[in-house]
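Participant: If you count the sequence shown from 1, position 6 lands on 21 in this note's numbering, and the numbers rise without skipping.
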Amino acid sequence: MADYRHKYVKKISEMVNTYIKDEEKVTVEEYIGDSWRNILSMHLCAIQKDEFESSKDDQEQLKKFVIESFKIVLDYELLDKDGANVDLPGDKIKKTLDHITLGIKVHSV
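1. Look up LYS40 in the DSSP assignment and say whether it is helix, strand or coil.
2. Of all the options ILE27, ASP37 and SER70, which has the alpha carbon lying nearest to the alpha carbon of TRP51?
3. Could you tell me the distance, in whole angstroms, from the CA atom of TYR91 to the CA atom of HIS21?
4. Should VAL88 go down as buried or exposed, given a rule of 16 or more other Cβ atoms within 10 Å for buried?
5. GLU38 to GLN76, Cα distance in whole Å?
6. Among residues of its own chain, excluding the 5 on either side of ILE82, which ones have a beta-carbon nearer than 7 Å to its beta-carbon?
7. For PHE85 and MET30, which I take to be in contact (beta-carbon distance under 8 Å), what is that distance rounded to the nearest angstrom?
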């Protein structure tokens, strides 16, 4: 799980840095759009896809997780540039994942 989390934070961080540099500001939700599936591709390959596709609640929970993760990393990047002493986003993301995935109904294969 730790390796997955590291790759996930790295991927989100790259997106956040692109988002920060983007001149046309849109909301985080608009920026992420349907790409949350691509962001979670490492996780989604381990679940039962047919059941997941039919479970709108699970999809909403994971989309919410990606958006919350993005906001956590965005806050970190913006505060870090200001020279503030902030915690690394990995632990916050883990807690967010733990909280959000409690309600996921589709099991891993």
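Just so it is clear, CB atoms sit at the ideal spot from N, CA and C, and this is done for glycine as well.
None of the values given here were measured: they were computed from a predicted structure.
Facilitator: Short version:
1. Of the three classes helix, strand and coil, the one that applies to LYS40 here is coil, per DSSP.
2. Considering only alpha carbons, the answer is ILE27.
3. Cα-Cα distance, rounded: 15 Å.
4. Its Cβ being crowded by 16 or more others within 10 Å, VAL88 is buried.
5. If I take the Cα positions, the gap works out to 29 Å.
6. Closer than 7 Å at the Cβ level, and outside the excluded window around ILE82, lie VAL43, GLU44 and ILE47.
7. Their Cβ separation, rounded to whole angstroms, is 7 Å, which keeps PHE85 and MET30 in contact under 8 Å.
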